[in-house]
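Working notes for the structure below.
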Amino acid sequence: MAQILQQNSTVSVCIPSYNHSQYIEQCLRSIFVQTHAPSELIVIDDGSTDDSIKIIEKTLKDCPFPCELIVRPNKGLVPTINEGLEMAHGEFFAVIASDDIWLPDFLKYRVSQLQKRPEAVLAYGHCYIIDDENNIVASTKDWYKYDDGNVRNMLLTRYPPSPPTVVYRKSALNIHKWNPKFFVEDYEISLRLSTLGDFAFEPTILSAKRVHKNNMSNNTLALQQGVSAAMESNAELLRITKDEQKLIRDNIRWSSIEPFLLSGNRVQAFKQAMLCINSNHSLSDKTKMFLKLFLPYSFIKFRRKEVYSKGKHKNIKELLKNGFD
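In terms of the numbering used here, the sequence shown opens at residue 3 and continues consecutively.
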C-alpha cells in the first residue's frame, strides 16, 4: 500500500449525471465519507429524464463540503466533463460516473500518490466490477495488468486505467482536455497525457465500476473499435509505426475475448480469437484461451461466482462506511 502523506492538497470532484436515479445517491454518499475530503463537488446533470435531479438535490443537503449542482439540457458526456473541469479550482481533478462508487480511502491514496510523484500526470489503480445489485462480480485484476511510470507500451497493447480509479493533476488537464470526437474519451486522453508524464499506479482496490448486464457485450465491441480509432488518430503524436498499429489491433482484440466470454457472447469471443490466430501471443496462451471458448457459459459464471463468494466481501456495501440502502 502507498505511504499516506499529509492532507494538504485540494481535489475537485465532478459527477456528470445522466439518468442514474437508482444509483446517484450511492455515488454521492461514497464521496461524502472520503477520508480525504474533496475541496469541492461539482454535479452537472446532463438532461436527465428520470428522478435524478430530485434525488441529487435532496442528497446534497447532507454534503459536508462545498458543492454545486448545475441542471441543464443534454450536451453529452465529454462536454459535461470539460465543463466541470473549467469550473474546478483544485490542484487535482477527479471524475466519477453517477453509477460508480469510491471506497472511503480512495482520494487519500490517490492524493498521496500524486504528492509523492510530482512527475506523474495522474494516479490510478484497480477497481471492483459490480452489478446492478452492488454485488462484486469481478475486478480489473482479473483482466488487466497495469503498469507504473511510463505507460506507452501498456496503452498501446492493453486498455487504459478504468475511469473510477483515476485522479488527474489539473495542470496536465490544462494542456490536454477530453476530446468529444471519441467514444472512448478516457482512453484517448490517456494517450495524450502519457506524453506529458508518468502514470502512478497503486494496486489496492479503492473503487467500483458498475457494469449493467444488458450492455456489457455491446460496450466491449464499441470500446474495441473506439480504442483503435483513438490510437490511429494519435499515431503521429505517439510515433506509432504501421507495424506497431497492427500489433496493437491484435492485442486489443485479444484483450476483448474474456469480457465477451464473461458477458455470454461466445460468438463474438470466437470471432476475436480467430482474428488473433496469427498474433504474437504464446502457444500456451492461445491454447488456454481456446479451451475457455469451449467451456459452457454456466461453468464460467459458476467459477467466477465461486471465486468471489469465497472472498471477504460479496457486496460493495460491506466495504463502505456509514452504509446506505
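Note that beta-carbon positions come from the ideal geometry of N, C-alpha and C, so glycine has one too.
Within 10 angstroms of the Cβ of residue i, are there 16 or more other Cβ atoms? Answer buried if so, exposed if not.
i: E187; result: buried
i: V269; result: exposed
i: G78; result: exposed
i: N236; result: buried
i: E234; result: exposed
i: I177; result: exposed
i: R160; result: buried
i: E204; result: buried
i: T167; result: buried
i: I138; result: buried
i: R74; result: exposed
i: N84; result: buried
i: T82; result: buried
i: T142; result: buried
i: E88; result: exposed
i: L158; result: buried
i: T61; result: buried
i: D68; result: With the sequence shown as reference, residue 68 is identified as Pro, and Asp is not the correct amino acid for it. Classification of P68: exposed, given that the 10 Å Cβ count is below 16.
i: L264; result: buried
i: S114; result: buried
i: S286; result: exposed
i: D134; result: exposed
i: L297; result: exposed
i: L193; result: buried
i: I279; result: exposed
i: N267; result: buried
i: L293; result: exposed
i: N152; result: exposed
i: D48; result: buried
Would you mind stating whether residue i and residue j have Cβ atoms separated by less than 8 Å?
i: I46; j: C29; result: no
i: V213; j: I131; result: yes
i: Y121; j: D200; result: It should be noted that the sequence gives Glu, not Tyr, for residue 121. Taking 8 Å as the Cβ cut-off, E121 and D200 qualify as a contacting pair.
i: A174; j: L195; result: yes
i: G92; j: S14; result: yes
i: L198; j: V123; result: yes
i: W104; j: S23; result: no
i: I44; j: E27; result: no
i: L116; j: F95; result: no
i: R255; j: L223; result: no
i: F34; j: C65; result: yes
i: Y111; j: T206; result: yes
i: K179; j: D102; result: no
i: A39; j: A125; result: no
i: T37; j: P106; result: yes
i: A232; j: E190; result: yes
i: Q328; j: F262; result: Lying outside 3 to 327, the shown extent of the chain, residue 328 is not represented and no answer is given.
i: R154; j: L225; result: no
i: P165; j: V97; result: yes
i: K356; j: A90; result: No information on residue 356 is available, as it lies outside the stretch 3 to 327 that the chain covers here.
i: S281; j: D252; result: yes
i: S54; j: N21; result: yes
i: I318; j: N136; result: yes
i: Y170; j: S100; result: no
How is residue i classed by DSSP in three states: helix, strand or coil?
i: I32; result: The question names Ile, but residue 32 in the sequence shown is Ser. Here S32 sits in helix by DSSP.
i: R119; result: coil
i: Y130; result: strand
i: S141; result: strand
i: K250; result: Note on residue identity: the sequence assigns Ile, not Lys, to residue 250. I250: helix per DSSP, three-state reduction.
i: P18; result: strand
i: F2; result: The displayed coordinates of the chain run from 3 to 327. Any statement about residue 2 would go beyond what the structure contains.
i: A271; result: helix
i: A125; result: strand
i: L71; result: strand
i: I103; result: strand
i: N317; result: strand
At least one CB of chain B closer than 8 Å to the CB of residue i: is that the case?
i: A96; result: Of the protein chains in this structure there is only one, and it is not chain B.
Beta carbon of residue i: closer than 7 Å to some heavy atom of the ligand PLP?
i: P120; result: In the structure shown, the ligand PLP is absent, as is every other ligand, since no ligand is present at all.
> Which ranges does the alpha helix (DSSP H) cover as unbroken runs of at least 4 residues, wholly within the stretch 147-228, from first to last along the chain?
Replying inline: For the stretch 147-228, whole alpha helix (DSSP H) runs of length 4 or above, ordered along the chain, are 154-159, 172-175, 187-195.
> Could you give the uninterrupted runs of the alpha helix (DSSP H) lying entirely in the stretch 35-66, keeping only those of 4 residues or more?
Replying inline: Correct list: 54-62.
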